[in-house]
Every structure is written in C-alpha cells, then in structure tokens.
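Notes follow once the structure below has been shown.
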Amino acid sequence: MTSAMIHIRAPRALAASWQGLQFLLGFRNGHNFLLWCFLALGLLGFTLSRAPYLDYYGVFCKRNSLAPILHAAPGECFFFLNGGQEQIGMMMHLYAIIPCCLLLFFQFVPVIRQKAVLFHRINGYVVILLMAVALAGGLMATSNSFGGEVAFQVANVLLGASVTICLALAMISIRRLRIDQHRAWMLRAWVLASSIITMRIIQNIAGRAVSGQGYTSLRPCGQINSDGVLPQPVIESVWPGCVAYFTGASPEQQVLVRADYYGLPIEINVALSIASGASAFIALFLHAMGVEVYLQLTPAESERLRQVSYRKQSARGHCYSVRAGPTTADPGDATKLAPHDDGKCYTGSDSISEKSFEAGSQE
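74 is the number that full-length UniProt numbering gives to position 74 of the sequence shown; each next residue is one higher, with no gaps.
What follows is the structure, given as structure tokens:
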C-alpha cells in the first residue's frame, strides 16, 4: 500500500468514525452533533473539574490554602465558613448543582431521549429538583459574595428568576404535549443557567483590566486574615488599621483595599468584585441571545417536534384548536392546529395548502 493511499484512507476512516458516533448518539445533523460536543461535553468537563468542591472543608474552603481553580475565590470563605446563611446556602448550592449538571448531560443525549423515555422523564424531574435547591442555595450565598455588590446580587436574582420561569414553562408545555415548546424552554433554561461559566471567564478578564486603575473597596480585617495565607505582620504593615482588629480593640474593623488581580489575595477579591456585576449581566445577555439564535437556526427540528406533538395530542383525543406558543390559548398569529374533515388534526397552513392543491387539480 502506497503512502498516498494511506493518506487518502485515513481521513475517510476518521470521517466514517465521526459519522458513526453521531448516529450512535442519535444525532441527525452534523452541525447539531458539533454543537453538542462543544456545549454538552464542555459543561460535563467543567462539572467534573468542580467535583472536588464536594469536599467542602478539604478543598473548596480549605484553610491555609489558595490552590488555583480548586478553591473558592480569595476571601470568600470568610462568609462561606461563618455557620450562617451564606455557608448553608453555598453548601446547598454545591451539593445540588454538581450532581444536577452530571445528570443533565444525559438529558441532552438524543438516543437516551428516544430509547429510554422513562429514564429521561425521571432523570428530568431529579435534575429540576436539584436545580431548584441549587438556585435557592445560590441566592442565599450571594448577600456578601464578592463584596455584596448590588449589581451582582441583582444579576443573580434575575438569572434565578429567568431559569425558574423557563423550567416552569417547559413543564407546562410537556404536560400539554407541546414537545416543541418543551424543547425550546428547556434549552433556554439550561443555556441561561450555564451563563455562570461564561461569567467567571469574563470576570477574570475584567478583573485584570480594572487592576491598577485606582479602584478600591472596604473589606473587614477578618476577611483579609480568613484565608490564613498572610502572616499577621504583613497584614498590619499593608493595612495599619487592622492592628486594632488583632488586638481585639475593634473586631469589626474594616480597611480600604485596592483592586489588583496580580496583588495580595484580598486585592484579587476586590478586583473580581468590581468586575462581578458587569460580568454577570454580559454573560446573561450573551447566553440569552445565543439560545434564541440557535432556536431560529433550527426551525426544522422545531417543526418536526410540532408534528410529533400533534400526533400525540390526536392520539389522546386532544383535537382542539391550539397555537404554537407556550400555552394552549396563546394570542398571536402562530399557525393553529385545526380539526380536519377526516377527524384528524392538521396545522392551519397544511389544511390551506391541501385545499389549494385540490382546487388546482380540478382546474
């Protein structure tokens, strides 16, 4: 066999393997499979990388350690180890969201949805329940997270409300056998929820950008000392006001800390805090726009699921006029599902096209 033949067959074999994997997982289109590899596998990889956080005291909030990636942001464990609302909320969030995202991966494998319907249904309920716990815990933990910036808290509330509404509409849709709408609302919910990953990326970039720009923020001396990585003499030399904290004269003493992503741990915290609100809103906007663009680019799949919805509704005797919106009585100009003369359900546009064809044939 010549080297030329080997070079020709190798790409063909790779393409055949890629296509075989695509069909094995239940994908009809190559571009959907490519997007799945990027998004679903990306989410799975991120989740697995955060799985060590389940060891809350040994990894996430380990004392005297600020290991890159495998630790909360500098200074954050001052609140996440306070035994109060923030700690309870963060533990709820971590212990729910990591299993949630692991199970969520299977919800987006087409062959499982097609061949293991019962598993898809039960797993879906478990995922939604875990997400509800994670959202509640996350909101509990944000009151002082990243300096308690108002913009960051508002962004988190908006994200939580958006995900909750999308999940509720998805459940309403599937109860009404609107599979096309169920798909759309579920995609919106999970794409919006994953904006937290994009937010972290933007936050780290923006944190570098604001460093050295003169931004400052107040921080308790207890928070500066909470990570256990800075000796007391260093803290007192950089922030003389903290002397009163260490002597016990002022346990609640706060000092002004500059934003410097390349500086001391608490200075990194301030840099990330200043960038947190804008990063969260930008990420939420990008994901909201992205999922709508995706839905507009996949009208064939939406229409296919609409037809499946019609057949399932007809099989259960639900042959009433409905529209294509999120509820069965949506106002608007969406195509109606109208009863046909033979007792079956067709879309209004299908009925018109069939009548037009018959009229044309008679002419």
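All C-beta atoms in this analysis are idealised placements derived from N, C-alpha and C, irrespective of residue type, glycine included.
A quick note: this is a predicted structure, and the numbers were derived from the prediction, not measured.
Using C-beta distances below 6 Å, list every residue in its chain close to residue i, excluding the 5 sequence neighbours before and after it, in chain order.
i	result
Ile-179	Leu-305, Val-308, Ser-309
Ala-329	Confidence at Ala-329 is low in this model, with a pLDDT of 43, below 50, so its placement is unreliable and no value can be given for it.
Pro-251	none
Pro-331	Legend: pLDDT at Pro-331 = 43, less than 50; position of this residue unreliable, value from coordinates given subsequently. Nothing listed; no residue qualifies.
Ser-17	none
Lys-312	Leu-177
Gln-223	Gly-75, Phe-78
Ser-302	Asp-180
Phe-33	Gln-22, Phe-27
Tyr-215	Ala-259, Ile-274
Cys-166	Trp-185, Arg-188, Ala-189
Gln-114	Gly-26
Ala-206	Ala-275, Ser-279
Thr-327	Because Thr-327 carries a pLDDT of 44, less than 50, the predicted location of this residue cannot be relied on, and the following value inherits that uncertainty. Closer than 6 Å at the Cβ level, and outside the excluded window around Thr-327, lies no residue.
Tell me, please, which residues DSSP counts as bridged to residue i.
i	result
Thr-216	Arg-258
Can residue i and residue j be called in contact, C-beta distance under 7 Å?
i	j	result
His-93	Ala-134	yes
residue 383	Pro-233	The displayed coordinates of the chain run from 1 to 363. Any statement about residue 383 would go beyond what the structure contains.
Leu-66	Pro-231	no
Leu-192	Ser-162	yes
Leu-103	Val-127	yes
Ala-259	Val-229	no
Ala-96	Leu-130	yes
Ala-72	Ala-155	no
Ile-270	Val-257	According to the sequence provided, residue 270 is Val. The question's Ile does not apply to it. It is a contact, given that the beta carbons lie within the stated cut-off.
Ala-141	Met-186	no
Phe-80	Cys-100	no
Take residue i and list the residues in its own chain whose beta-carbon comes closer than 7 Å to its own, dropping the five residues that flank it on each side.
i	result
Ala-283	Ser-195, Thr-198, Met-199, Ile-202
Tyr-320	Because the pLDDT at Tyr-320 is just 46, under 50, the model does not fix this residue reliably, and the value given afterwards should be weighed accordingly. Cβ within range, chain order: n/a, list empty.
Ser-226	Gly-75, Cys-77, Phe-78
Gln-19	none
Ala-40	Phe-105, Phe-108
Arg-63	Gly-228
Ile-88	Met-140
Tyr-245	Cys-221, Gly-222, Pro-251, Gln-253
Ile-112	Phe-106, Phe-119, His-120
Glu-267	Val-257, Arg-258, Ala-259, Asp-260
Within a Cβ cutoff of 8 Å, which residues of the same chain sit near residue i, ignoring the five residues on either side of it in sequence?
i	result
Leu-286	Ser-195, Thr-198
Ile-98	Thr-47, Arg-50, Ala-51, Tyr-53, Leu-54
Phe-146	Ala-73, Glu-76, Phe-152, Asn-269, Leu-272, Ser-273, Ser-276
Gln-213	Ala-259
Thr-247	none
Asp-342	Because the pLDDT at Asp-342 is just 47, under 50, the model does not fix this residue reliably, and the value given afterwards should be weighed accordingly. Counting only Cβ-Cβ distances below 8 Å, and skipping sequence neighbours, we find nothing.
Tell me, to the nearest whole angstrom, how far the beta carbon of residue i is from that of residue j; I am working on the premise that it is less than 8 Å.
i	j	result
Tyr-294	Arg-208	Wrong, their Cβ atoms sit about 30 Å apart, outside the cutoff.
Leu-177	Val-157	Not quite, the Cβ-Cβ distance comes to about 33 Å (not below 8 Å), so this is no contact.
Leu-25	Val-109	6 Å
Asn-123	Phe-106	6 Å
Phe-27	Trp-36	7 Å
Val-291	Arg-188	5 Å
Asn-144	Glu-86	6 Å
Does the pairing of the segment 271-280 with the segment 230-241 give three or more beta-carbon distances under 8 Å? no
Could you tell me whether the segment 287-299 touches the segment 164-174, using the rule of 3 or more Cβ pairs below 8 Å? no
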